[in-house]
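Below you'll find the structure, written out as structure tokens, and then a few comments.
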Amino acid sequence: NAGVTQTPKFRILKIGQSMTLQCTQDMNHNYMYWYRQDPGMGLKLIYYSVGAGITDKGEVPNGYNVSRSTTEDFPLRLELAAPSQTSVYFCASTEAFNTEAFFGQGTRLTVV
Amino acid sequence: EDQVTQSPEALRLQEGESSSLNCSYTVSGLRGLFWYRQDPGKGPEFLFTLYSAGEEKEKERLKATLTKKESFLHITAPKPEDSATYLCAVRGSQGNLIFGKGTKLSVKP
Chain A
8 NAGVTQTPKF RILKIGQSMT LQCTQDMNHN YMYWYRQDPG MGLKLIYYSV
58 GAGITDKGEV PNGYNVSRST TEDFPLRLEL AAPSQTSVYF CASTEAFNTE
108 AFFGQGTRLT VV
Chain B
289 EDQVTQSPEA LRLQEGESSS LNCSYTVSGL RGLFWYRQDP GKGPEFLFTL
339 YSAGEEKEKE RLKATLTKKE SFLHITAPKP EDSATYLCAV RGSQGNLIFG
389 KGTKLSVKP
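Listed below in structure tokens is the structure:
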């Protein structure tokens with residue numbers, strides 16, 4: 008039982024490039040989330056999904072897009088990368104609305 | 289506005305020196321308060337969920353308590369392996385977790 012798996016672990020992008028951060032979970036959770044964590048700040052919600060085919064914006068969605076075609080996968084797309092998107096990105100999932108979240112190991116992204 | 293404030297930002301303890309971490313929250317209708325532990329370079333790891341004032345939960349040297357305005361994470365006789373950043377979060381109206389900035393705990397032998 009792997010839980011939540013994120014790839015890649017590290018990535019360096021040039022300004023204006025695009026990339027997709029992958030997230031998959033094997034717990035059959037309906038709820039999935041993308042957070043970013045900046046130094047000295049709490050985790051901020053980017054996008055979330057309550058089930059396959061349903062996504063919605065969180066607190067800081069600008070510059071990102073998501074899709075949820077299956078229960079297991081919730082990729083995060085960065086279009087036209089900017090230095091402000093340098094951060095550590097975490098994917099998480101929950102079984103229900105008010106249960107604990109399980110997090111992946113994170114993707115450390117640097118935009119130069 | 290839903291908000292979580294943790295204090296102190298950093299805490300240094302000697303091994304065996306008990307202490308408490310504070311999490312103050314403002315939320316319209318508490319749907320759960322969560323404590324996580326985060327080690328450097330890792331994702332947050334779930335510790336406890338508390339749902340109602342007066343509730344307490346324990347795990348090894350850690351004990352979490354909840355009132356109507358704050359939660360405490362008590363650490364009894366800590367060991368160096370307890371060194372980590374401890375995160376507090378509440379469930380927001382969108383179902384997402386609203387996190388505090390964390391308390392970085394260092395336990396010296």
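Sequence order for the protein chains is A and B.
Okay, so the first sequence: first residue is 8 according to our numbering, each after it adds one.
Okay, so the second sequence: first residue is 289 according to our numbering, each after it adds one.
Every residue gets a Cβ at the ideal spot worked out from N, C-alpha and C, and that includes glycine.
Just so we're clear, the structure is a prediction, and the values are computed from it rather than from any experiment.
In the DSSP assignment, B:PHE387 falls within the unbroken beta strand (DSSP E) covering 385-387. When beta bridges are read from the DSSP output, B:HIS362 appears opposite B:SER308, B:LYS351. Using a Cβ-Cβ cut-off of 8 Å, B:THR391 does not count as an interface residue toward chain A, since no Cβ of chain A sits closer than that to its own.
Every unbroken stretch of the beta strand (DSSP E) spanning 3 or more residues and falling wholly within the segment 50-115 of chain A is given here in chain order: 51-58, 61-64, 71-73, 83-85, 94-101. Considering only beta carbons, the part of the segment 80-102 of chain A lying closer than 7 Å to chain B consists of PHE97, in chain order. In this structure, A:VAL57 is the residue among A:SER25, A:GLN24, A:VAL57 with its C-alpha nearest to the C-alpha of A:GLU102. Shown here for B:VAL292: same chain residues with a beta carbon closer than 7 Å to its own, the five before and five after excluded, namely CYS311, TYR313, CYS376, ALA377, VAL378, ILE386, PHE387, GLY388 in chain order.
Taking 8 Å as the cut-off, the Cβ atoms of A:ALA59 and A:THR77 count as close.
For A:ASP33, the closest of A:GLN44, A:LEU116, A:PHE109 by C-alpha to C-alpha distance is A:PHE109. Look at the segment 23-48 of chain A: the residues with a C-beta under 7 Å from a C-beta of chain B are TYR38, TYR40, GLY47, MET48. Taken in chain order, the members of the segment 299-324 of chain B whose beta-carbon sits within less than 9 Å of a beta-carbon on chain A are ARG319, GLY320, PHE322, TYR324.
In this structure, the beta-carbon distance from A:GLU66 to A:LEU85 does not fall below 8 Å. Against chain A, the CB of B:THR364 has no partner CB under 8 Å away; the residue lies outside that interface. Within the segment 326-352 of chain B, the residues whose Cβ lies closer than 7 Å to some Cβ of chain A are LYS330, GLY331, PRO332, PHE334, THR337, listed in chain order.
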